[in-house]
Amino acid sequence: MRIIRYDKDEGVVKLIPDNAEDLWHIERVVEPGDLVAAKSWRRFRTAEGESGEKKEVFIQLSVEQVEFSEHANRVRVTGKIVAGGPEEFVQIGSYHTIDIEPGFPVEIKKEGGWLACQLDRLYDAQKATKQRVKLCAVAMDEKEASFASIKEYGVSFEFKIESHASKREPDYAQKQLQYYGDVAKALADSKAGKIIVAGPGFAKDNLKKFLQDRNPELLKKIVFETASTAELSGIYELLKRGVITKVVGEERLQKEFALMEEFMCEISKDSGLAVYGEKEVRAAFSYGAVSKLFVTDELLRKHKPLKSLMEEAEKLKCEVHVFSIENPAGKQLAGLGGIAALL
Numbered sequence: 043m044r045i046i047r048y049d050k051d052e053g054v055v056k057l058i059p060d061n062a063e064d065l066w067h068i069e070r071v072v073e074p075g076d077l078v079a080a081k082s083w084r085r086f087r088t089a090e091g092e093s094g095e096k097k098e099v100f101i102q103l104s105v106e107q108v109e110f111s112e113h114a115n116r117v118r119v120t121g122k123i124v125a126g127g128p129e130e131f132v133q134i135g136s137y138h139t140i141d142i143e144p145g146f147p148v149e150i151k152k153e154g155g156w157l158a159c160q161l162d163r164l165y166d167a168q169k170a171t172k173q174r175v176k177l178c179a180v181a182m183d184e185k186e187a188s189f190a191s192i193k194e195y196g197v198s199f200e201f202k203i204e205s206h207a208s209k210r211e212p213d214y215a216q217k218q219l220q221y222y223g224d225v226a227k228a229l230a231d232s233k234a235g236k237i238i239v240a241g242p243g244f245a246k247d248n249l250k251k252f253l254q255d256r257n258p259e260l261l262k263k264i265v266f267e268t269a270s271t272a273e274l275s276g277i278y279e280l281l282k283r284g285v286i287t288k289v290v291g292e293e294r295l296q297k298e299f300a301l302m303e304e305f306m307c308e309i310s311k312d313s314g315l316a317v318y319g320e321k322e323v324r325a326a327f328s329y330g331a332v333s334k335l336f337v338t339d340e341l342l343r344k345h346k347p348l349k350s351l352m353e354e355a356e357k358l359k360c361e362v363h364v365f366s367i368e369n370p371a372g373k374q375l376a377g378l379g380g381i382a383a384l385l
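Residue numbers (this note's numbering): 43 to 385.
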């Protein structure tokens, strides 16, 4: 992400997204009522009944709906047009959808100003763009290997490779070699800058020996770790242990896991230092007792009354942590009402 301009007085940020992670961040900070402006296309009809041709226009609309599509690699922002041009192609008050895509500038204006946590999110995304390394994680045993991509917005399951080898059959060794060959090919095809292979038993060690003989260059990219399962949950184990951060510096996911574990520990101890739910959190703020505030990005985007609470948190110099709803830690927080605090 490239932040071109931030005007605090006008509440305007102009930026250019570079990839799917940037689009996800944009979808998380754009809210209903914001003004979004960008180049777009509108169909112009020259006569009754004609389908017309598409014309390039510049449109500013008042946001009503925001949708991120990782598959289509875009954010669709829908709302009523409030300004734009050329005038002959733009009808003020009509509905339009702007497609925000990598490489295209977009301007976002918040009438009430930007929250510090929203700006931090964008600047962190800009920093991450310069440092980002594509990371592939694999949890495997002798029967299967689960492949996933580690992204800023979560762990994205890609596919699974299964072994068809049976110890009861005479061609067991041959089929196991084929299995490791399939896994090695998938790793090479991933074009990942860093790879983590983890799992129980000796399968990961056997893969390492396989690569030592056949693809030592690929082996240089791989870090081998232990995990209790060859399922996606095995990859989440790596996040909880901080392995991802050590390998590639992807701190957001690991930090969310650690913070949620800290919170749940206080809950289990019944220490009185952890509260959840909007009513309870607001009460804690009224006493000035909050040290860390946790909120899901989904609740922050959809629940307008939270904005005043976030502003109060900033005034009190309280730590604010916005959790991604795409991750297990964020889902756990959502189950607690989407908002919680440590006192």
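We put the CB at the ideal spot given by N, CA and C, even for glycine. Just so you know, these numbers come straight off a predicted model, no measurement behind them.
For the beta strand (DSSP E) containing residue i, list its first residue and its last residue.
i: L384; result: 381-384
i: F189; result: 186-193
i: D141; result: 137-142
i: V124; result: 116-127
i: A240; result: 236-241
i: A207; result: Unbroken run through A207: none, as it is neither H nor E.
i: H363; result: 361-365
i: L358; result: Here L358 belongs to no beta strand (DSSP E), and DSSP marks it neither H nor E.
i: L57; result: 54-58
i: K97; result: 95-111
i: D183; result: Here D183 belongs to no beta strand (DSSP E), and DSSP marks it neither H nor E.
i: D49; result: 44-49
How many Å lie between residue i and residue j at the Cα?
i: Y165; j: F365; result: 16 Å
i: R294; j: S198; result: 15 Å
i: V317; j: L385; result: 8 Å
i: L315; j: E308; result: 6 Å
i: M43; j: P59; result: 5 Å
i: G379; j: E73; result: 20 Å
i: I45; j: D312; result: 44 Å
i: A125; j: E149; result: 13 Å
i: L301; j: P370; result: 12 Å
i: D213; j: L219; result: 10 Å
i: K288; j: V323; result: 33 Å
i: E109; j: I68; result: 10 Å
i: F131; j: K152; result: 26 Å
i: G276; j: S310; result: 25 Å
i: T271; j: P242; result: 6 Å
i: A207; j: V332; result: 56 Å
i: K251; j: L261; result: 10 Å
i: A226; j: Y48; result: 46 Å
i: K97; j: A325; result: 53 Å
Could you spell out where the alpha helix (DSSP H) holding residue i opens and where it closes?
i: V323; result: 320-328
i: R343; result: 339-344
i: G377; result: 370-377
i: Q254; result: 245-256
i: V225; result: 214-231
i: V332; result: It is not in any alpha helix (DSSP H) - V332 carries neither H nor E in the DSSP assignment.
i: D64; result: 62-71
i: I134; result: Taken as a continuous stretch (DSSP letters only), I134 belongs to no alpha helix (DSSP H), as it is neither H nor E.
i: E279; result: 274-282
Leaving out five residues before and five after residue i in sequence, what residues of the same chain have Cβ atoms less than 6 Å from its Cβ?
i: S205; result: K185, Y221
i: S136; result: I123
i: G121; result: L103, S104, V105, E106
i: V180; result: A187, F189, V239
i: T338; result: F365, I367, G372, L375, A376, G380
i: P144; result: P59, D60, N61
i: F201; result: F189
i: T139; result: R118, T120
i: E279; result: A269
i: K233; result: none
If you compare alpha carbons, which of the options is closest to residue i?
i: M182; options: K359, E361, K246, V323; result: K246
i: E112; options: V71, I203, L77, D64; result: D64
i: G235; options: Q216, C178, E267, A215; result: C178
i: F336; options: E304, K357, Y329; result: E304
i: I142; options: V55, Q133, R163, N115; result: N115
i: F299; options: G196, G241, F252; result: G196
i: I101; options: E109, K193, G284, E129; result: E129
i: I286; options: K176, A325, S333; result: K176
i: T268; options: F244, A325, V225, D255; result: F244
i: S328; options: L351, R210, E211, M306; result: L351
i: I134; options: M306, R163, V99, R70; result: V99
i: G75; options: V119, A215, L281; result: V119
i: L229; options: K217, E211, M306, N257; result: N257
i: G127; options: K233, W83, R210, A167; result: W83
i: L57; options: G284, R163, K96; result: R163
i: E320; options: A382, K334, K209; result: A382
With hydrogens ignored, establish whether the beta-carbon of residue i is closer than 7 Å to any heavy atom of the ligand GTP.
i: Q216; result: Looking for the ligand GTP in the displayed structure turns up nothing, as the structure carries no ligands at all.
Who are the Cβ neighbours of residue i in its own chain at under 7 Å, not counting the five residues just before and after it?
i: I264; result: I237, V239
i: P347; result: none
Near residue i, what residues of its chain come up, given a Cβ to Cβ distance below 8 Å and the 5 sequence neighbours on each side ignored?
i: L274; result: A181, S188, A190, V197, F199
i: L249; result: M182, Y222, V225, A226, V239
The segment 73-85 / the segment 147-163 touching (three or more Cβ pairs under 8 Å): yes
Within the chosen definition, does the segment 153-161 reach the segment 342-354 through at least 3 CB pairs nearer than 8 Å? yes
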